[in-house]
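J.:
In our numbering, the protein residues as written are 2 to 387.
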């Protein structure tokens, strides 16, 4: 086992970190104030930098690197803000990878190169009003007849809803019970019959638009079927990589909080000396450092074990669950150490705290990850309905 990044990986991390600090800090502040997502101009800039599709094959417009390199880029951008990093997150570890791996050649060529070029933003639509953690209970249906797909239903909590150019929609594609009926289709934003609910106003994730999606007899060509009925395991395998991306976005909030608070406690003075000189502060810094380092290693282990494919549900769930929990803890401790400065909107710490809580809800709640972990440990799935 080698716990060191290669020289190329170190250079990648440093170049992204330098770009993020020099270019993206004022943009993150503007996004937080306006709640508007990153501009399409910035997304195209990401494309020119090679950040969209880091781990997508070169023939499809990506860099052809691995999942670890993609997560390195996501963390460095996520340290600036969740919203700034979100287009890169979606392109590297989100629905685009499922399309690349499982869709037919025509749809792949239509979608993936456009995402890598910054011409398309693609979001995932999974949850429904009555199906969140119980994803196999979803009711959105897609019926295939004579080369055409007709989609009906409602999706909720779609990050990118109303803003993205296309959606990977999980749906029920047969009359079989449970997971055997579930597949996924791709829907362009302007397809007749697709409409959007009002924008959600969330505690955090400002600049990551979210809304309901309504499908009323939406007609699609059969080539837009990404995974047919019975492909639920494939979809969740791809989602295991998205879990690692979610974990990395949570980690980014914690690692940036740790960097900021480490500088703060060396500058802030009380009782005539820097507060870092107090043993209680030293202990908190050490605990935060241990949490951040352990989280990063768990995420990187999952990514490396997967090589160019998808990580296991066990490794990705361990990484996500731990990162989600320590992100809340680290950002909360850092906010407390900074006192009024941490609580003030003039500084990014309170934003990181709010976003940290969001990542522990998005992409499968923390407790659901623990059920996944226990299932992997004993080698069977648990029937939550029994």
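Glycine included, C-beta positions come from ideal geometry on N, C-alpha and C.
(1) In the structure shown, what three-state DSSP assignment does residue 363 receive?
(2) For residue 25, which of 324, 187 and 44 has the nearest alpha-carbon?
(3) Tell me whether residue 382 counts as near the ligand NAD, meaning its Cβ is closer than 6 Å to at least one heavy atom of that ligand.
(4) May I ask which residues mark the beginning and end of the alpha helix (DSSP H) holding residue 327?
(5) What are the uninterrupted segments assigned as beta strand (DSSP E) that are 3 or more residues long and contained completely in the stretch 193-263, given in chain order?
(6) Per DSSP, residue 169 forms a beta bridge with which residues?
(7) What does the Cβ neighbour count give for residue 234, buried or exposed, with the cut at 16 atoms within 10 Å?
(8) Which residue or residues does DSSP assign as beta-bridge partners of residue 155?
(9) So which of 179, 365, 161 and 189 has the shortest CA-CA distance to residue 317?
(10) Residue 212 and residue 273 - do their beta-carbons sit closer together than 7 Å?
(11) Which residues mark the beginning and the end of the alpha helix (DSSP H) in which residue 296 is found?
(12) Do residue 205 and residue 355 count as a contact pair if the criterion is CB distance below 7 Å?
(13) Rounded to the nearest angstrom, what separates residue 16 and residue 335 at their Cα positions?
(14) When you compare each of 21, 61 and 67 to residue 6 by their alpha carbons, which one comes out closest?
(15) Report yes if the C-beta distance between residue 81 and residue 13 is below 7 Å; otherwise report no.
(16) In whole angstroms, give me the CA-to-CA distance for residue 313 and residue 359.
(17) Buried or exposed: which applies to residue 196, given that a residue is buried once 16 or more other Cβ atoms fall within 10 Å of its Cβ?
(18) Shortest alpha-carbon distance to residue 11 belongs to which of 22, 3 and 70?
(19) Cα separation between residue 174 and residue 35?
(20) With residue 311 and residue 238 assumed to form a contact (beta carbons below 8 Å), what rounded beta-carbon distance in angstroms separates them?
(21) Distance check for residue 107 and residue 286, CA to CA, integer angstroms please.
(22) Please classify residue 141 as buried or exposed, where buried requires at least 16 neighbouring CB atoms within 10 angstroms.
(23) In the DSSP output, which residue or residues are listed as bridge partners for residue 271?
(24) Between 350, 346, 341 and 294, which lies nearest to residue 327 when the distance is taken from Cα to Cα?
(25) Output the distance between the C-alpha atoms of residue 155 and residue 215, rounded to the nearest integer angstrom.
(26) Rounding to the nearest angstrom, what Cα-Cα distance links residue 373 and residue 76 in this structure?
(27) Please state the DSSP three-state secondary structure of residue 395.
(28) Considering only C-alpha positions, which residue in the set 90, 47 and 8 is nearest to residue 240?
(29) Leaving out five residues on either side along the sequence, give the residues of the same chain with a beta carbon under 6 Å from the beta carbon of residue 55.
(30) Using a Cβ-Cβ cut-off of 6 Å (strictly less than) and excluding sequence neighbours within five positions of residue 168, which residues of its own chain qualify?
(31) Identify the continuous alpha helix (DSSP H) that holds residue 71 and give its terminal residues.
(32) Using C-beta distances below 8 Å, list every residue in its chain close to residue 306, excluding the 5 sequence neighbours before and after it, in chain order.
(33) Are the C-beta atoms of residue 45 and some chain C residue less than 7 Å apart?
(34) So what does DSSP say about residue 143, is it helix, strand or coil?
(35) Which residues in the same chain have their Cβ closer than 6 Å to the Cβ of residue 184, if we skip the five residues on either side of it in sequence?
(36) Around the C-beta of residue 325, are 16 or more other C-beta atoms found within 10 angstroms, so that it is buried, or is it exposed?
T.: Here's the rundown:
(1) coil
(2) 44
(3) By its list of ligands, the structure shown contains no ligand whatsoever, and the ligand NAD lies outside what it can speak to.
(4) 314-339
(5) 195-197, 211-222 and 226-228
(6) 125 and 187
(7) exposed
(8) 215
(9) 365
(10) no
(11) 280-307
(12) yes
(13) 26 Å
(14) 67
(15) no
(16) 23 Å
(17) exposed
(18) 70
(19) 39 Å
(20) 5 Å
(21) 52 Å
(22) buried
(23) 274
(24) 294
(25) 5 Å
(26) 24 Å
(27) Residue coverage of the chain in this structure runs from 2 to 387, which leaves residue 395 outside it and unanswerable.
(28) 90
(29) 64, 66, 70, 71, 74 and 93
(30) 124, 126 and 188
(31) 68-79
(32) 312, 313 and 316
(33) Considering every chain present, this structure includes no chain C. It has just one protein chain.
(34) strand
(35) 174, 228, 229, 230 and 232
(36) buried
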